[in-house]
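Here is the structure we will look at, set down as structure tokens.
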Amino acid sequence: MNSMLYIQFSINMLSKKSYRLFFKLIFILTLDVFCEVLSQEYGTTLTLKQGLVIGRILKTSNGRDFYAFRGIPYATPPIGLLRFKEPLMFPGWAGTLDARDYRSVCPQWDVQGRMKGAEDCLFINVFTPSLPSAGSFSPVTYPVMIFIHGGNFEEGSANMYGPEKLMDKGIILVTFNYRIGVFGFLSSGDQTCPGNMGLKDQVLAIRWVRENIDRFGGDPNAITLFGQGSGAASVFMHILSPQSQGLFSRAIMQSGSALCDWALEGEPLGYAREIAQRVKCPTDSPTAVLDCLRLKPVMDILNAQKDTKIFGDYPLRAVPVVEKSGEGKFLPDTPINLLNAGNFRRVPLMAGINRDEGAFFYPTLLNTYRDALRENPSFLRTHLIPMFILTTTNIRGNVDSVSETIIFEYFNRINHSNVSQILHPFINMSTDAMFVACNDASVHSYSTTGAPVYMYTFEYRGENSMVEIQYGTPIAYFDPGVSHGDELLYLFNLDVEGLRQPSLLDNLVSGRVVSLWTDFAKFGEAPQFVNYEYPRWEPYKPETQAYYRIERDLKPGSFYKQRAVDMWTRHLPALAGMTTPTSSPLTQNKHSESLYRTLAWAMVSVSIALLVVVIVLLVVLYNQKRSQSFKANTENQSRLSGSTLY
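For the sequence shown, position 313 matches number 318 in our numbering, and the numbering has no gaps at all.
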């Protein structure tokens with residue numbers, strides 16, 4: 006009986022202990038979750054030169070914690086009388102700044118044609134794997150990657166580029182907004198409004214990073230600028246600009262360059278007057294134009310900007326300009342002249358393009374010109390190609406002959422009324438004209454300065470496409486290929502709708518791309534994978550023109566699309582009578598020259614051979630005629646002799 010009571014007592018005690026242990030475990034887990042939520046919601050604080058900020062703790066793609074500080078103002082809001090003015094460093098704030106979430110984007114149209122954003126938009130975002138311990142000195146600092154978003158200098162923001170993939174690689178990522186469109190690049194061509202406000206915003210953001218990044222655990226002497234599209238063109242301009250010298254140590258250009266025709270406006274005052282006319286402002290003087298435009302609503306200016314378009318989103322006219330007067334010029338000369346002058350720091354450069362950059366033209370072709378192409382077989386020749394030339398390139402002379410050359414090169418032997426047959430040749434043409442040629446000119450010319458250069462082509466077609474995300478799934482017979490911006494899908498967690506679940510291969514390619522980009526930021530050279538699974542990424546040299554093909558695997562290549570490069574940088578400008586070369590005269594393509602020299606000598610050899618053949622034939626014919634004449638004379642003499650005998 007006593008033993009039974011003892012057993013029962015033991016069971017009761019164990020049950021009570023189990024309950025207590027269970028409730029303790031629940032309490033600990035609840036407290037842990039609460040603390041996690043609390044840390045994410047209320048975050049962590051940091052002291053900057055401008056004041057105290059509070060950020061969030063987020064998770065990387067692999068589940069590691071990192072710190073996010075978003076929406077920090079780096080410049081005084083460019084509103085009121087500061088519209089169209091150079092930026093001013095934000096002086097600071099009282100109390101604690103809430104930096105847990107993104108702030109407003111700059112004014113622009115979205116894909117659906119709706120206005121979004123506000124002029125008070127100059128905010129910066131910093132993402133770091135860890136923060137320095139308070140009151141202690143940490144010798145470990147992270148390399149810094151500053152991303153400059155693209156969008157034709159007219160759209161885009163830092164808010165869509167999620168850092169989760171890059172945060173697993175031991176770097177600090179910085180993204181920021183800068184003024185775009187008319188608000189960022191209007192220029193009167195003189196000191197009234199020199200222009201390039203958006204680029205000067207970028208300089209101020211980079212300076213802010215250099216002054217504050219040590220508070221986030223970053224190394225101000227290990228900054229890599231990288232950008233896509235117009236952001237890539239901006240990166241090259243920072244390499245060349247006297248205002249950006251010494252601010253960064255490496256650069257990556259994705260699908261864009263300052264040498265692209267679309268990256269520079271040659272007649273800024275004419276464009277400023279056109280915008281002024283459309284919003285009913287006086288145009289008699291630059292001062293009158295600027296004073297009036299400063300008072301106009303944002304919507305009116307955006308509508309005027311949109312109304313200047315002719316061919317899809319083109320021409321791009323709210324873009325960088327050469328500053329001809331004033332102090333502190335960002336672009337004192339054209340990019341090609343600055344490049345040839347050589348007065349810049351030779352930072353290591355990685356640059357490349359996507360295989361089918363021009364795929365973003367497909368909605369324009371299908372939605373705007375499909376009926377015209379079907380109804381008029383000559384529409385491609387008489388309207389579409391000339392329109393493309395005049396809105397996306399600097400070619401202005403002899404447009405008919407230039408168009409005929411383009412049609413022969415890209416649209417030969419296809420039905421010019423069949424849109425499905427036109428799409429891919431048009432994408433190839435626009436890719437070559439707007440990206441391949443100027444990327445080649447950039448890496449070729451820059452490599453001759455002695456700077457390390459690494460070129461790539463991104464050719465992997467995954468589950469997602471930026472063209473499909475922005476414009477919807479194309480018609481059944483058209484695959485957009487590897488379009489403009491597709492590489493961003495593998496570098497960032499993009500905040501866009503319509504993303505499909507990435508495949509295992511997509512994730513593998515993403516890991517490789519992230520490693521290539523971050524290793525370049527860390528070491529300043531293209532790395533060789535530790536396991537030697539892939540061939541080494543050789544630096545670009547004018548004589549070898551090596552590049553890396555990023556596909557399902559990584560493969561080396563050389564002399565990328567040189568026929569197209571020669572056509573768009575040499576032959577078409579010459580045909581158009583352009584006196585200004587589209588690439589550096591000091592860095593002519595030696596491979597191309599060798600090719601044409603070989604062809605020329607081949608033509609001479611063939612001509613000589615034909616001449617020899619003609620001479621031989623003439624000699625043979627002459628000998629045959631002599632032989633026939635001799636034979637005929639002999640026969641005649643025989644007949645005469647015969648008649649005498651008989």
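Each residue gets a CB set at the ideal place from its N, CA and C atoms; glycine is no exception.
Pairwise C-beta distances place the region 197-217 in contact with the region 324-335, as three or more of them are shorter than 8 Å.
With distances taken between CA atoms, Pro302 lies nearest to Arg88 out of Met471, Arg88 and Gly234. For Ala356, the enclosing beta strand (DSSP E) covers residues Leu354 to Asn359. In the three-state reduction of the DSSP assignment, Ala579 falls in the helix class. With a cutoff of 8 Å on beta-carbon distance, Ile555 and Asn444 are scored as not near each other.
Take Tyr183, set aside five residues on each side of it, and the residues of its chain with a beta-carbon closer than 6 Å to its own are Gly203, Asp206 and Gln207, in chain order. Distance from Gly234 to Gly68 at the Cβ level is roughly 32 Å; contact not present, criterion being Cβ atoms closer than 8 Å. In the structure shown, Phe440 adopts helical secondary structure according to DSSP, grouped into three states. Three or more Cβ pairs drawn from the region 355-372 and the region 250-266 lie within less than 8 Å of each other, which places the two stretches in contact. When rounded, the separation of the alpha-carbon atoms in Gln506 and Gly467 is 10 Å. Closest option to Ile390, judged by alpha-carbon separation, among Ile153, Arg212, Asp125 and His421: His421. Contact check for Tyr476 against Thr397 fails: the beta carbons are separated by 8 Å or more. The straight-line gap separating the alpha-carbon atoms of Pro137 and Ala346 is approximately 42 Å. A buried status is given to Ser515, since no fewer than 16 other beta-carbon atoms sit within 10 Å of its beta-carbon.
Straight across, the Cα-Cα distance linking Asp376 with Ser425 is about 12 Å.
By the neighbour-count definition (other C-beta atoms within 10 Å, threshold 16), Gln113 is a buried residue. Shown here, Tyr276 sits in a helix according to DSSP, grouped into three states. When secondary structure is reduced to three states using DSSP, Lys311 falls in the helix class. Within the DSSP bridge table, the entry for Met94 names Ala80 as partners. Here Ser470 is near Ser488, since their CB atoms are less than 8 Å apart.
With respect to the 8 Å criterion, Arg212 and Leu252 are classified as neighbours on the basis of their beta carbons. Bounds of the alpha helix (DSSP H) holding Thr373 are Tyr367 to Thr373. Taking all protein chains shown into account, Phe71 has 16 or more neighbouring C-beta atoms within 10 Å of its C-beta and is therefore buried. Counting only runs of 3 or more residues that sit fully inside the region 407-463, the beta strand (DSSP E) segments are 458-463, in chain order. Under the 8 Å Cβ criterion, the region 119-134 counts as touching the region 177-193, having at least three qualifying pairs.
With respect to the 8 Å criterion, Gly402 and Met583 are classified as neighbours on the basis of their beta carbons. About 6 Å separates the beta carbons of Asn217 and Lys54, which is inside the 8 Å limit, making them a contact pair. Three or more beta-carbon pairs separated by less than 8 Å link the region 269-281 to the region 296-315, which places the two stretches in contact. Taking each of Trp267, Tyr553, Phe158 and Thr369 in turn and checking the Cα distance to Phe190, the smallest one comes out for Phe158. Counting the other CB atoms within 10 Å of its CB gives Ile84 a total below 16, which places it among the exposed residues. Gln117 counts as exposed, since fewer than 16 other beta carbons sit within 10 angstroms of its beta carbon. Counting the other CB atoms within 10 Å of its CB gives Asp571 a total of 16 or more, which places it among the buried residues. When the beta-carbon positions are compared, Ile427 and Arg386 stay at least 8 Å from each other.
Its chain contains Ala80 and Thr81 as the residues whose beta carbon lies nearer than 7 Å to that of Leu93, once the 5 sequence neighbours on both sides are disregarded; these appear in chain order. Between the alpha carbons of Glu464 and Arg360 lies a gap of roughly 5 Å. With fewer than 16 other Cβ atoms inside 10 Å of its own Cβ, Glu272 counts as exposed.
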